[in-house]
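In our numbering, the protein residues as written are 26 to 263.
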């Protein structure tokens with residue numbers, strides 16, 4: 026019966042759906058002069074809120090009172106929401122293509138995986154997706170990586186960029202922009218460089234690629250993929 030939000034000014038809000046009123050508001054930006062933050066998100070888990078707001082900090086709040094429990098600074102800015110890999114392992118992704126596993130029980134870093142270097146990272150993209158003890162992560166270097174969530178070991182790596190584009194400076198990094206769909210042995214996702222991709226989850230092999238610009242959302246129904254784009258169009262794919 027609660028709705029939690031974080032805004033670009035660095036305030037976390039707790040709104041009661043039942044009472045239809047704001048229960049508390051917490052300033053997690055502190056006394057920072059620049060109070061215009063870009064992206065972030067909130068994870069609710071076990072009575073706590075794990076909040077990112079476009080700074081280097083992960084802030085952990087008590088969900089009932091809004092009291093700050095822990096503040097953890099990471100190597101770089103965090104724009105996507107954190108996700109839980111299991112009951113104690115929290116995954117946080119930075120804009121410099123680092124995926125960090127943080128133990129919420131003892132406040133220690135467990136492992137870190139790094140993608141290729143990408144100097145410019147202006148595009149927001151999907152947060153890491155956890156599936157059956159593994160994590161699917163998209164880096165702004167154009168890489169999609171499938172990792173063991175427990176130890177960070179890499180199972181496979183897939184490039185979203187064409188071979189002729191690799192190594193060229195890009196103001197629009199190639200990233201996954203829709204939440205990946207995982208079904209059986211396969212994953213489906215749409216990318217910022219105009220592709221819909223189907224991969225084998227076990228080895229990362231490409232099953233097929235469809236060119237389609239500005240995909241906003243996807244859903245899998247029976248044996249069909251339903252996609253919507255930014256031009257108010259709907260498409261049905263086998």
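Even glycine gets a Cβ: it sits at the ideal position worked out from N, Cα and C.
Option in the options with minimal Cα separation from residue i
| i | options | result |
| --- | --- | --- |
| residue 119 | 92, 90 and 150 | 150 |
| residue 154 | 235, 214 and 42 | 214 |
| residue 133 | 171, 98 and 237 | 98 |
| residue 186 | 178, 176, 216 and 162 | 216 |
| residue 238 | 224, 253 and 230 | 253 |
| residue 169 | 158, 199 and 156 | 199 |
| residue 33 | 26, 39, 52 and 41 | 52 |
Expected contact under 8 Å - CB spacing of residue i and residue j to nearest Å
| i | j | result |
| --- | --- | --- |
| residue 240 | residue 211 | Not quite, the Cβ-Cβ distance comes to about 17 Å (not below 8 Å), so this is no contact. |
| residue 124 | residue 116 | 6 Å |
| residue 106 | residue 68 | 6 Å |
| residue 65 | residue 104 | 6 Å |
| residue 79 | residue 126 | Not confirmed; about 21 Å, so no contact. |
| residue 160 | residue 110 | 6 Å |
| residue 172 | residue 227 | Residue 172 to residue 227, Cβ: 14 Å. No contact. |
Buried/exposed call for residue i, threshold 16 Cβ in 10 Å
| i | result |
| --- | --- |
| residue 256 | exposed |
| residue 189 | Per-residue confidence for residue 189 stands at a pLDDT of 48, beneath the threshold of 50, marking its modelled position as unreliable; the derived number appears in the next sentence. With fewer than 16 other Cβ atoms within 10 Å, it is exposed. |
| residue 90 | exposed |
| residue 192 | In this prediction, residue 192 scores a pLDDT of 46, lower than 50, which makes its location untrustworthy; no coordinate-derived value is stated. |
| residue 62 | buried |
| residue 243 | buried |
| residue 55 | exposed |
| residue 15 | The structure shown does not extend to residue 15, since the chain spans only 26 to 263, so no value can be given for it. |
| residue 261 | exposed |
| residue 225 | exposed |
| residue 219 | exposed |
| residue 331 | Residue 331 is absent from the model: the chain starts at 26 and stops at 263. |
| residue 208 | exposed |
| residue 251 | exposed |
| residue 166 | buried |
| residue 74 | buried |
8 Å Cβ cutoff, residue i in contact with chain C
| i | result |
| --- | --- |
| residue 172 | The structure shown contains no chain C; it is built from a single protein chain. |
Per DSSP, cross-strand counterpart(s) of residue i
| i | result |
| --- | --- |
| residue 98 | 82 |
| residue 249 | 246 |
| residue 313 | Within the shown structure, residues of the chain are numbered from 26 to 263, placing residue 313 beyond reach of any answer. |
| residue 137 | 125 |
| residue 224 | 212 and 231 |
| residue 168 | 184 |
Boundaries of the beta strand (DSSP E) in which residue i is found, first to last residue
| i | result |
| --- | --- |
| residue 200 | It is not in any beta strand (DSSP E) - residue 200 carries neither H nor E in the DSSP assignment. |
| residue 126 | 123 to 128 |
| residue 70 | 66 to 70 |
| residue 175 | Per DSSP, residue 175 belongs to no beta strand (DSSP E) and is neither H nor E. |
| residue 231 | 231 to 236 |
| residue 182 | 179 to 184 |
| residue 142 | Counting along the chain, residue 142 falls outside any beta strand (DSSP E), and DSSP gives it neither H nor E. |
| residue 260 | 259 to 262 |
| residue 38 | 36 to 41 |
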